[in-house]
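In this text, residue positions in the sequence shown follow our numbering: the first is 7, and each later residue adds one. We put the CB at the ideal spot given by N, CA and C, even for glycine. Taking it in order: structure first as structure tokens, then the write-up.
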Amino acid sequence: MKNQYFIDLLERVKKRNQGEPEFIQAVTEVLETLEPVVERRPEFVEAGVFERFVEPERQVIFRVPWLDDNGKLHVNRGFRVQFNNAIGPYKGGIRLHPSVYSGIIKFLGFEQVLKNSLTTLPMGGAKGGSDFDPKGKSDTEIMRFCQSFMTELYRHIGSDCDVPAGDIGTGAREIGYMFGQYKRLANEFTGMLTGKGITYGGSLARTEATGYGLCYFTEEMLNANGKDFAGKTVVISGSGNVALYALKKATELGAKVVTLSDSNGYIYDKNGIDFDCARKLKEVERRRIKDYLEFHPEAEYHEGSRNVWTVACDIALPCATQNEIDEESAKILAKNGCFAVSEGANMPSTPEAINVYFENGILYGPAKAANAGGVATSGLEMSQNSLRLSWTFEEVDARLRDIMKSIFASCDEAAKEYGLDGNYMAGANIAGFLKVGEAMLEQGCV
Ligand code: NDP
7 MKNQYFIDLL ERVKKRNQGE PEFIQAVTEV LETLEPVVER RPEFVEAGVF ERFVEPERQV
67 IFRVPWLDDN GKLHVNRGFR VQFNNAIGPY KGGIRLHPSV YSGIIKFLGF EQVLKNSLTT
127 LPMGGAKGGS DFDPKGKSDT EIMRFCQSFM TELYRHIGSD CDVPAGDIGT GAREIGYMFG
187 QYKRLANEFT GMLTGKGITY GGSLARTEAT GYGLCYFTEE MLNANGKDFA GKTVVISGSG
247 NVALYALKKA TELGAKVVTL SDSNGYIYDK NGIDFDCARK LKEVERRRIK DYLEFHPEAE
307 YHEGSRNVWT VACDIALPCA TQNEIDEESA KILAKNGCFA VSEGANMPST PEAINVYFEN
367 GILYGPAKAA NAGGVATSGL EMSQNSLRLS WTFEEVDARL RDIMKSIFAS CDEAAKEYGL
427 DGNYMAGANI AGFLKVGEAM LEQGCV
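Have a look at this one:
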């Protein structure tokens with residue numbers, strides 16, 4: 007970073023957010039790519055827009071007590087970070103994973119501001135979650151946790167204020183329990199959560215949206231560079247919501263997806279992963295990915311989730327978690343001939359890995375653009391709730407596709423305008439920031 011004003015600002019961010027490396031990593035990347043903007047637009051500096059942009063508007067941390075099936079009490083910690091509502095109500099998912107702490111939620115909320123801006127829809131950015139581990143819990147334990155979590159969260163959210171959604175560990179089951187508890191406490195039926203079940207206000211195609219959107223974005227990026235999915239070998243990490251539907255759409259677009267993973271290891275199927283089998287195992291039966299071999303004995307299972315990047319591929323779609331591709335993994339991908347990395351997970355590549363992509367001419371689709379299809383479709387769910395009607399699967403899917411096309415175009419154009427042709431990471435940060443920054447300028451010192 008060369009701009010002195012940004013160097014000083016980053017120092018203050020580091021001091022104020024000690025012990026939160028993921029947040030500092032996300033802010034550093036964004037400020038580095040906004041350097042051309044700060045030089046062209048001094049009014050943002052004069053109005054303190056950047057200082058306000060890196061500081062959440064509100065952060066809530068709360069106790070979440072719940073009883074397990076044996077009557078034993080457990081206490082988890084709940085979070086909601088309402089980062090920025092300059093262009094619309096706060097919006098962002100709820101992550102339930104033992105690794106959750108304020109640095110993770112803050113980095114996700116910060117990224118969400120830019121991502122939501124890119125969708126073209128009026129949504130601010132937020133994120134929430136808890137260090138609760140849903141793995142191995144019974145349905146009734148999950149329900150008691152979700153009810154306790156919402157008993158505090160409900161006073162901070164609402165359909166015109168803050169609209170949470172799913173993320174790691176929060177799927178349709180958890181959203182259902184949280185929605186039920188909100189309705190009971192607030193005595194109103196409104197669309198204050200997205201990712202809801204179809205029978206009570208959910209949108210068709212929301213389940214598929216992040217994975218499908220990732221593939222639509224990636225296809226645009228590939229096409230712009232004279233390539234496509236057809237006939238290519240694809241490596242996907244993770245086996246949750248994003249990974250499964252990325253597998254489905256990439257396969258439909260003519261690619262062969264040869265891997266899926268979880269936090270223990272990965273499966274390799276040289277014939278291409280069987281979507282119906284993987285979906286049943288993970289989404290319906292909540293089993294581990296290695297159980298795939300019971301139905302496909304010709305496939306292989308390997309311990310160690312990071313080793314998934316040693317599998318040779320043309321295109322890599324990381325869909326598990328942050329910092330899952332480090333420098334070493336990125337070098338292996340490059341050596342094996344991978345020519346595109348497009349991110350389904352949030353911040354799955356370390357800064358060193360991203361450098362490797364650029365050094366090797368690998369096309370890089372950054373998370374905040376490539377995985378924005380989930381929140382975009384959540385925005386469409388909010389529209390349907392407000393209109394009190396439901397669109398067909400095909401209608402939502404067509405809108406999603408158009409949104410992903412326009413997100414790619416915004417990234418591409420912003421990168422070109424600022425002399426960074428082909429750097430879609432810079433393009434995403436610049437295009438996402440400019441919309442929010444202009445709104446903050448016009449709204450004054452708030
Ligand atoms: P799920 O909970 O459905 O699945 C998460 C998957 O990632 C699981 O296979 C899980 O394996 C694996 N995983 C989680 N943590 C780790 C870890 N520390 N190391 C290795 N593997 C891990 O989550 P989603 O599919 O919804 O989310 C995946 C990513 O996509 C996240 O980064 C999320 O923020 C991002 N995202 C999700 C959106 C959505 O709409 N759902 C929207 C935009 C982004 P295991 O079961 O072993 O934990």
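Start and end residues, alpha helix (DSSP H) containing residue i
i, result
"V51", "48 to 52"
"N122", "108 to 124"
"N391", "379 to 393"
"R22", "10 to 22"
"I273", "From DSSP, I273 is part of no alpha helix (DSSP H) but of the beta strand (DSSP E) over 271 to 274."
"Y430", "430 to 449"
"A336", "333 to 341"
"E258", "247 to 258"
"A284", "281 to 285"
C-beta neighbour in chain C for residue i, strict 8 angstroms
i, result
"H103", "Any reference to chain C falls outside this structure, which holds one protein chain only."
Residue i versus the options, residue with shortest Cα-Cα distance
i, options, result
"Q390", "G260, Q328, T34, L199", "L199"
"E330", "Q118, D282, V347", "V347"
"A376", "Q24, C325, E334, E400", "C325"
"P27", "V317, K337, G142, K112", "K112"
"R312", "D275, G271, N277", "G271"
"C344", "S154, Y183, K233, K21", "K233"
"A305", "P42, C319, I279", "I279"
"G142", "R101, C167, T157, D75", "D75"
"M129", "G98, E35, Y307, L228", "G98"
"P140", "A421, F399, T176", "T176"
"H302", "D403, I273, L73, W315", "I273"
"V36", "G172, N277, Q328, P357", "P357"
"P170", "M149, T146, T196", "T196"
"Q328", "L114, I148, Y183", "L114"
"G237", "E61, A32, E45, I321", "I321"
"A373", "E387, P354, G385", "P354"
"I100", "G94, A92, V87", "V87"
"I409", "L386, V290, I93", "L386"
Three-state class that DSSP yields for residue i in the structure shown
i, result
"L220", "helix"
"H162", "helix"
"L210", "coil"
"L323", "strand"
"L369", "strand"
"L191", "helix"
"L266", "strand"
"K97", "strand"
"P27", "helix"
"R86", "strand"
"L79", "strand"
"L426", "coil"
"L37", "helix"
"T176", "strand"
"D403", "helix"
"D139", "coil"
"P303", "coil"
"V290", "helix"
"V347", "strand"
"L102", "strand"
"E61", "coil"
"E309", "strand"
"S355", "strand"
"A144", "At residue 144 the sequence reads Ser, which differs from the Ala that was named. It is coil, neither helix nor strand."
"D234", "coil"
"T205", "helix"
Extent of the continuous beta strand (DSSP E) run through residue i
i, result
"S136", "131 to 136"
"V70", "64 to 73"
"T239", "239 to 242"
"A171", "168 to 171"
Supposed close pair residue i, residue j - CB separation, criterion 8 angstroms
i, j, result
"G350", "A249", "7 angstroms"
"A284", "L253", "7 angstroms"
"L369", "N231", "6 angstroms"
"Y96", "A53", "Not confirmed; about 22 angstroms, so no contact."
"G207", "Y251", "G207 to Y251, Cβ: 21 angstroms. No contact."
"C152", "V241", "Not confirmed; about 34 angstroms, so no contact."
"C417", "A437", "6 angstroms"
"A382", "L127", "6 angstroms"
"L120", "E57", "With a Cβ gap of about 17 angstroms, L120 and E57 do not count as contacting."
"F414", "E226", "4 angstroms"
"G454", "F29", "Lying before the first or after the last residue shown, residue 454 is absent from the chain, which here runs from 7 to 452."
"G379", "Y222", "7 angstroms"
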